[in-house]
Ligand code: PMP
């Protein structure tokens, strides 16, 4: 029996990815983070950040947790906050999927939608959330904290202490490589820390979407971006505190045209309905497997559940508008026998 929803976060299964494994001759596994109670890998960050703030004595009963998020961290924080008696105020760019906004409202987060503007703009969602947290800390009788997932290293430390150790145990120490995208960098840098401590030769790969600047940073030293991606929750333009001192062994830039067919095939062939960032992650794992050669064990992250993107990634009209190919099965209608 689980004493509360919090104990259901983490310890997610590793699932063998059939097509990716067969295509490369490696064993490629996905860590099933969509099975967390908030349906994403960010439940972990929510839990690590709240527990860390409690340890530091920063949170009082009824206190407010403020965060700027593409959605999943807000969902993770809210699930944990509700179970522990806190409130959440979530600042989200209006471009994020309606399903994530709906989930946040259903879970009881106080949601503030703001226009999507770059980080250098003072009205960027992350900066607004920081200012709001400072104001609520001053004015609310129960106080407030800023979760600050990008620069709060409780995020990276938590992945080092849990996700990496789980991968190590679940592969019985056989893991040879790990690949994932970066949103905050907590997952990739934290898992890299934990696995490199166990096995210094383990290979760590960044799978960067188009429009992000870290592929360029890790290959040329310059933060530069080109193109764009419909994936959400990933694609970073700066070196966050969670990335300090981290560098991957390999960096790949993954176009949506490479990642999305993987997402669509997973639904049809493996019963796994997952979000767009998972397609980038698996494409990165496949490239790493090809780089390392057959016979290796590679792990990646199944970051969140696909129904969260029904109105976008799984919507033929949206895909067409973005100039992306629409898989035939998505439009096939079953005729009703008369
Ligand atoms: N995939 C999805 C769907 C996400 O929401 C996030 C986090 N924003 C990530 C991947 C990346 O995780 P991290 O923040 O640990 O880099």
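In the UniProt record's numbering, the protein residues as written are 1 to 338. Virtual Cβ for every residue (Gly too), placed ideally from N, Cα, C. From a predicted model like this one, the values you see are computed outputs, not experimental measurements.
| Check | Outcome |
| --- | --- |
| Should residue 277 and residue 240 be called a contact, given that it needs their Cβ atoms to be closer than 8 Å? | no |
| Could you spell out where the alpha helix (DSSP H) holding residue 267 opens and where it closes? | 256-270 |
| Could you give the C-beta distance for residue 71 and residue 100, rounded to a whole number, given that I count them as a contact under 8 Å? | 3 Å |
| If distances are taken between C-alpha atoms only, which option among 7, 84 and 34 comes closest to residue 305? | 34 |
| Below 8 Å, can you find three or more Cβ-Cβ pairs linking the region 170-187 to the region 134-145? | no |
| Taking residue 258 as the reference, which of 308, 325, 193 and 199 has the closest Cα? | 325 |
| Considering only heavy atoms of ligand 1, does any lie closer than 7 Å to the CB of residue 234? | yes |
| Kindly provide the ranges of any beta strand (DSSP E) runs that are 3 or more residues long and lie completely inside the region 48-76, ordered along the chain. | 64-68 |
| I think residue 102 touches residue 296, with their Cβ atoms under 8 Å apart; what is that distance to the nearest whole Å? | That belief does not hold up - the Cβ atoms of residue 102 and residue 296 are roughly 40 Å apart, past 8 Å. |
| If I measure Cβ to Cβ from residue 2 and keep anything under 6 Å in the same chain, skipping five residues before and after, which residues do I get? | 8 |
| Tell me whether residue 312, by its Cβ, gets closer than 7 Å to a heavy atom of ligand 1. | no |
| For residue 21, does the three-state DSSP call read helix, strand or coil? | helix |
| Measure from the alpha carbon of residue 27 to the alpha carbon of each residue in 293, 308 and 327, then state which is nearest. | 293 |
| Does the Cβ of residue 106 have 16 or more other Cβ atoms within 10 Å, making it buried, or fewer, making it exposed? | exposed |
| What is the rounded straight-line gap between the Cα of residue 46 and the Cα of residue 267? | 28 Å |
| Provide the residue span of the beta strand (DSSP E) that contains residue 32, from first to last. | 27-32 |
| Taking residue 66 and residue 132 to be in contact with their CB atoms under 8 Å, please state how far apart those CB atoms are, rounded to whole angstroms. | 5 Å |
| Please state if the CB of residue 182 and the CB of residue 17 are separated by a distance shorter than 8 Å. | no |
| Put residue 91 into one of helix, strand or coil per three-state DSSP. | strand |
| How many angstroms separate the CA atom of residue 237 from the CA atom of residue 222? | 11 Å |
| Classify residue 192 as buried or exposed, calling it buried when 16 or more other Cβ atoms lie within 10 Å of its own Cβ. | buried |
| Would residue 271 be called buried (16 or more neighbouring beta carbons within 10 Å of its own) or exposed? | exposed |
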